[in-house]
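A.B. asks: Residue 163 in full-length UniProt numbering sits at position 163 of the sequence shown, with consecutive numbering throughout.
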Amino acid sequence: MSATDKPKLDRDHVLALLSHMMRIRKFEDKCAELYTQEKIRGFLHLYDGEEAIAAGIIPLLGPDDRVVATYREHGHALVRGVPMTSVMAEMYGKQEGCSGGRGGSMHLFDADSNFYGGNAIVGGGLPLAAGLALADRMTDAGNVTACFFGEGAVAEGEFHETLNLAALWNLPVLFVCENNGYAMGSAIARTESQTEIAQKAASYGIASHQVDGMDVVAMEIAARKAIRDIRETGKPVFLECETYRFRAHSMFDAQLYRDKSEVEEWRKRGPIVRFSTWLLGNHLVHKADIDAIERRLDDEIAKAVAFAEAGTDEPLETLGDNLLGPREDQPSAPAASGNMVEMTYREAVRQAIRDAMTRDPRVFLMGEDVGAYGGCYAVSKGLMDEFGPERIRDTPLSESGFTGAGIGAAAAGMRPIVELMTVNFSLLALDQILNTAATLRHMSDGQFGVPLVIRMATGAGKQLAAQHSHSLEGWYAHIPGLKVLAPATVQDARGMLWTALQDPDPVLIFENVMLYNRTENIDANGDAVDISRAIVRRAGADVSLFTYGGSLFKTLDAAEILAQDGIDAEVVDLRTLRPLDDATIMASVNKTRRAVIVDEGWRSVSTASEISARIMEQAFWSLDAPVSRVCSAEVPIPYPKHLEDAAIPQTPAIVAAVRKLMGRD
Numbered sequence: 001m002s003a004t005d006k007p008k009l010d011r012d013h014v015l016a017l018l019s020h021m022m023r024i025r026k027f028e029d030k031c032a033e034l035y036t037q038e039k040i041r042g043f044l045h046l047y048d049g050e051e052a053i054a055a056g057i058i059p060l061l062g063p064d065d066r067v068v069a070t071y072r073e074h075g076h077a078l079v080r081g082v083p084m085t086s087v088m089a090e091m092y093g094k095q096e097g098c099s100g101g102r103g104g105s106m107h108l109f110d111a112d113s114n115f116y117g118g119n120a121i122v123g124g125g126l127p128l129a130a131g132l133a134l135a136d137r138m139t140d141a142g143n144v145t146a147c148f149f150g151e152g153a154v155a156e157g158e159f160h161e162t163l164n165l166a167a168l169w170n171l172p173v174l175f176v177c178e179n180n181g182y183a184m185g186s187a188i189a190r191t192e193s194q195t196e197i198a199q200k201a202a203s204y205g206i207a208s209h210q211v212d213g214m215d216v217v218a219m220e221i222a223a224r225k226a227i228r229d230i231r232e233t234g235k236p237v238f239l240e241c242e243t244y245r246f247r248a249h250s251m252f253d254a255q256l257y258r259d260k261s262e263v264e265e266w267r268k269r270g271p272i273v274r275f276s277t278w279l280l281g282n283h284l285v286h287k288a289d290i291d292a293i294e295r296r297l298d299d300e301i302a303k304a305v306a307f308a309e310a311g312t313d314e315p316l317e318t319l320g321d322n323l324l325g326p327r328e329d330q331p332s333a334p335a336a337s338g339n340m341v342e343m344t345y346r347e348a349v350r351q352a353i354r355d356a357m358t359r360d361p362r363v364f365l366m367g368e369d370v371g372a373y374g375g376c377y378a379v380s381k382g383l384m385d386e387f388g389p390e391r392i393r394d395t396p397l398s399e400s401g402f403t404g405a406g407i408g409a410a411a412a413g414m415r416p417i418v419e420l421m422t423v424n425f426s427l428l429a430l431d432q433i434l435n436t437a438a439t440l441r442h443m444s445d446g447q448f449g450v451p452l453v454i455r456m457a458t459g460a461g462k463q464l465a466a467q468h469s470h471s472l473e474g475w476y477a478h479i480p481g482l483k484v485l486a487p488a489t490v491q492d493a494r495g496m497l498w499t500a501l502q503d504p505d506p507v508l509i510f511e512n513v514m515l516y517n518r519t520e521n522i523d524a525n526g527d528a529v530d531i532s533r534a535i536v537r538r539a540g541a542d543v544s545l546f547t548y549g550g551s552l553f554k555t556l557d558a559a560e561i562l563a564q565d566g567i568d569a570e571v572v573d574l575r576t577l578r579p580l581d582d583a584t585i586m587a588s589v590n591k592t593r594r595a596v597i598v599d600e601g602w603r604s605v606s607t608a609s610e611i612s613a614r615i616m617e618q619a620f621w622s623l624d625a626p627v628s629r630v631c632s633a634e635v636p637i638p639y640p641k642h643l644e645d646a647a648i649p650q651t652p653a654i655v656a657a658v659r660k661l662m663g664r665d
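1) How about the region 193 to 207 and the region 425 to 438: do they share at least three Cβ pairs that are nearer than 8 Å?
2) State yes or no: is the C-beta of R575 within less than 8 Å of the C-beta of A608?
3) With distances taken between CB atoms, is the gap from Y548 to L577 smaller than 8 Å?
4) Note down, one range per segment and in chain order, each alpha helix (DSSP H) of at least 4 residues found wholly within the region 12 to 100.
5) Does DSSP classify R483 as helix, strand or coil?
6) Please confirm whether V176 and I53 have their CB atoms less than 8 Å apart.
7) Could you tell me the distance, in whole angstroms, from the CA atom of V363 to the CA atom of M384?
8) So, with DSSP's three-state summary, where would you put L434?
9) Mind checking who C376 pairs with in its DSSP beta bridge?
10) For A120, count neighbouring C-beta atoms within 10 Å of its own C-beta (all shown protein chains included) and say buried if the count is 16 or more, exposed if not.
11) Classify A146 as helix, strand or coil using the three-state DSSP reduction.
12) Classify D573 as helix, strand or coil using the three-state DSSP reduction.
13) Could you tell me if E634 is buried or exposed, where buried requires 16 or more neighbouring beta carbons within 10 angstroms of its beta carbon?
14) Take L552 as the anchor and find which of A223, G459 and R231 has the nearest alpha-carbon.
15) Express the C-alpha separation of L319 and P326 in angstroms, rounding to a whole number.
16) Name the DSSP beta bridge partners of D110, please?
17) Grab me the residues of residue 672's own chain with a C-beta within less than 7 Å of its C-beta, minus the 5 sequence neighbours each way, in chain order.
18) Starting from T592, trace the alpha helix (DSSP H) both ways and give me its first and last residue.
19) Rounding to the nearest angstrom, what Cα-Cα distance links M219 and P638 in this structure?
20) Do the CB positions of S167 and G142 come within less than 8 Å of each other?
21) Taking all protein chains shown into account, decide if W602 is buried (16 or more other Cβ within 10 angstroms of its Cβ) or exposed.
22) With DSSP run on the structure shown, which of helix, strand or coil describes F246?
23) May I ask you to report which of helix, strand or coil DSSP gives T458?
24) Do you know offhand how far K235's Cα is from D431's?
25) Checking the sheet assignment: what are the DSSP bridge partners for W169?
26) Please state the DSSP three-state secondary structure of V450.
27) What distance in whole Å lies between the Cβ atoms of G81 and E90, which are believed to be in contact at a cut-off of 8 Å?
28) If you check the beta carbons only, do S471 and E644 fall under 8 Å apart?
29) When you compare only the Cα positions, how much space is there between E617 and D582?
30) In the DSSP assignment, find the alpha helix (DSSP H) that holds Q564 and state where it starts and stops.
31) For L443 and S99, which I take to be in contact (beta-carbon distance under 8 Å), what is that distance rounded to the nearest angstrom?
32) When the Cα atoms are used, what is the spatial distance from L623 to E368?
33) Just mark E28 as buried or exposed, buried being the case when its beta carbon has 16 or more other beta carbons within 10 Å.
34) So who's on the other strand from E232, going by DSSP bridges?
35) Report, in whole angstroms, the separation of the C-beta atoms of F546 and V529, which I expect to be a contact under 8 Å.
36) With a cut-off of 8 Å on the beta carbons, I'd call R594 and S544 a contact; round off their distance for me.
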């Protein structure tokens, strides 16, 4: 230990440490009281017994450093400098809360102090922290991201995926495991084969240390060294802080899993008792000093409660505010050159990525095999040679980890493109997409956004059998906070990605595997494409055919066959599944008075179901016939070609559905 790692235990400093811990404890005691009065609701996880960790670490961070916490984060927020008034108001669910009342106890956010919030998902904040640190590393910012989590998180895949990424990419993260012995009611000895958590981190090559988390001075010494090492080397450091929570896991918890005597034994060596006893015994402070701290804190807490009590409820009409972010002023799209070139869908996506990376240094691509291999579908082939491995970033096979890192990098101001090799792999990242990317802006009341693009291959037709032939676009279109695109044409493949990268919100782009080799003549310069609008690909008067992605060209072929029967079909390419373009859909239905929806997803609870319901709600009186749907069969996609073809929408089935609707069958 160097001399700079030793805290200067003068009177002011020890009083500050003691005050931080007492402030947390008294705040938590008041929260428990308010909970019993039903003024604070939901889950309430208290930090009693663990105060030395936040008090010993967080004051050492600089203003530009970042903090990612867990759902037991009141203490972290208070020590970081989030005002107690706004924390308490958040607990009450008031507009004056630090998250506008939208997060509550488990989701405290504060952009002014670089406090990136608590996270109700065990281990969910780890990839976010890696992404924040990745942004700092890529911009040479020199910052540290401190990530707090409990020992229960070490059983989660995101823990291991994140530590591997942090070690692999030398990310400046201070990982702080608050090992309080119990993951909810599961004692660590009952759930972990290796109970020395620091050894788990060390196995990834990360400098790892065990610290007495009940000793605030030991915590500060360990944190000083760790933060100094991170700043000097840029590499992560892991602290396992051995502590104990005196209260229940949450206020719902009856604590039947541990004896009261165990709690009392730990209370005897609690961090506040231990430190104050030592200070008094060594005459560094006096009883009057502690009494003065208590009076000051009582007054502060009383004012915080009064502030929260006087807080205002968010009006119902703003319920949807801060779901999506405002569009910033963006560079204009490239002017059309008039020079038409033949290009494949694959080449169009590659060109869009190349153009974006040339135009904006914040843009980078990461995913499995996107670099040296060139991507599973060869979309990124050659890009690593152009832009280098820092910006064309090969990742481990850890979808949740690197998707979460992309989310964190986006929240820190970068513009990542995350490639998930196939849509079925995206399910491994669903937690990060649903619980972080889609919610961060809304839960933080607009303080943090996630300008992220996630690309993935989707669809069937290549005899890849059930686990590689999903069409799950409709699943993601169900989630508020996301935008979901399904470009079918070469022009849209390039232009929609260009536009998506200007968007302030997470955009998911589904590229149908059957389209990568399709060619079109398009302008060499490209163009932006409005990602909120459907487009009529073929005008017609008798029936509207709504589709997207891989089914578009089958539907256009069906329209030509129907024309031979005297049926004039209009084909609408939805291309954006969230938000759905109701105006274009209803305009078409109002004109033709009949609708058939072609959807490669399964029929039940599908995109087709949603569109049908909207037509019934908005255009029922225009209809001359029931809405019809052509969807994939309700079976896992089979391997044999004839069965695969039978399982997904094909041109003859579309033609047959229209003929039946028109009474021509």
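A virtual CB, placed ideally from N, CA and C, is assigned to each residue, including glycine.
C.D. replies: Taking the definition as stated:
1) With the cut-off at 8 Å, the region 193 to 207 and the region 425 to 438 do not touch.
2) no
3) yes
4) 51 to 57, 74 to 80 and 84 to 91
5) It should be pointed out that residue 483 corresponds to Lys in this sequence rather than to Arg. Three-state DSSP puts K483 in a strand.
6) With a cutoff of 8 Å on beta-carbon distance, V176 and I53 are scored as near each other.
7) 13 Å
8) Helix, per DSSP.
9) BP columns for C376 are empty, so no partner.
10) buried
11) strand
12) strand
13) exposed
14) G459
15) If I take the Cα positions, the gap works out to 16 Å.
16) DSSP lists F115 as partners of D110.
17) Shown here, the chain extends from 1 to 665; a query on residue 672 therefore has no answer.
18) D582 to T592
19) The straight-line gap from Cα to Cα measures roughly 57 Å.
20) Residue identity differs from the one stated: residue 167 is Ala in this sequence, not Ser. Contact flag unset, no.
21) buried
22) coil
23) strand
24) 27 Å
25) None; W169 has no bridge partner.
26) coil
27) About 15 Å separates the two Cβ atoms, so there is no contact after all.
28) no
29) 11 Å
30) L552 to Q564
31) Reading off the sequence shown, one finds Met at residue 443, where the question assumed Leu. Confirmed, Cβ separation roughly 6 Å.
32) L623 and E368: Cα-Cα distance of roughly 47 Å.
33) buried
34) Beta bridge pairing from DSSP links E232 with no other residue.
35) Not confirmed; about 18 Å, so no contact.
36) 7 Å
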